[in-house]
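A short worksheet on the structure shown next.
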Amino acid sequence: MSQLIIGLGSNQGDRSRKLSLARGLCRQFYGPLLRVSPIYQTAAWGVEEQPDFLNQVIILETELRPQTCLTTAMAIENLMGRVRRQHWGPRVIDVDLLYYDDQIIDSPDLVLPHPRIQERNFVLLPLADIAGELVDPKGAKTINQLLIESKDPLGVSLYAGPS
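Below, the structure is given as structure tokens:
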């Protein structure tokens, strides 16, 4: 069994329900959930003129190989109705592979660890909650260290539910 770490995000519709549905589909297709972070809210990264995102990180056990994990992530997004119209644009769900064990993969369609983890507090903060001492295999720093060193200006706040 391998450990797979996934980042989930949504900024359309009932965002917390979308994250819940995505967690269920990940459990169904990948394997058992080991850890689930709290949900955080953040302004959109990249294309800023869009609704805030809810983000969460989950850790699963899987028997699937990395490439199959990627096609599964895209299948989950498709099942949930994601349509890719704009790079970094609004989306019903985003399923990003962050880590697969401590493997480093650099192929045309799959890069692991995810190449922008250290730039995104909306990934680092929930990941630090559940795996702060995890060492990034590319930079040999813990997630906690990456969070401390992050230069991401976007604020990330714990999501308290609809107001």
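Heads up: the sequence shown begins at 61 in our numbering, then just goes up one per residue.
Just so it is clear, CB atoms sit at the ideal spot from N, CA and C, and this is done for glycine as well.
Coarse secondary structure for residue i, derived from DSSP in three states
i    : result
E109 : coil
Q163 : coil
S210 : coil
Q127 : helix
Q72  : coil
V183 : helix
M140 : coil
Residue i - partner residues in DSSP beta bridges
i    : result
R95  : I119
I172 : The sequence given here has Leu at residue 172, not Ile. BP columns for L172 point to I165.
Q63  : E121
T102 : F113, V216
S157 : What sits at residue 157 in the sequence shown is Leu, not Ser. Note: L157 sits in a beta bridge opposite I66.
V195 : T202
Chain-order list of residues whose beta-carbon lies under 6 Å from that of residue i (same chain, five-residue window excluded)
i    : result
I224 : This structure cannot speak to residue 224, because the chain is shown only from 61 to 223.
P111 : N71
A103 : D112, L214
Beta-carbon gap between residue i and residue j smaller than 8 Å
i    : j    : result
N177 : L206 : The amino acid occupying residue 177 in the given sequence is Ile; Asn does not appear at that position. Cβ distance < 8 Å, so I177 and L206 count as in contact.
I203 : G215 : no
L68  : I153 : yes
Q63  : E121 : yes
E137 : V155 : yes
P150 : Q72  : yes
P98  : L172 : no
S70  : F113 : yes
8 Å CB neighbourhood of residue i in its chain, flanking five on each side removed
i    : result
L130 : L157, D169, L170
Same chain, Cβ closer than 7 Å to residue i, five either side skipped, listed in chain order
i    : result
G141 : V152
H174 : D156, L157, L158
**Message:** Closer than 8 Å is the cut-off here; do at least three beta carbon pairs connect the stretch 85-93 with the stretch 202-214?
**Reply:** No, because fewer than three Cβ pairs between the stretch 85-93 and the stretch 202-214 fall closer than 8 Å, the two stretches do not touch.
**Asked** Just checking, does the stretch 73-93 make contact with the stretch 160-169 on the three C-beta pairs under 8 Å criterion?
**Response** Counting Cβ pairs under 8 Å, fewer than three are found: no touch.
**Prompt:** Counting Cβ pairs, one atom from each stretch, are 3 or more of them under 8 Å apart for the stretch 183-191 and the stretch 130-145?
**Reply:** Segments in contact, no.
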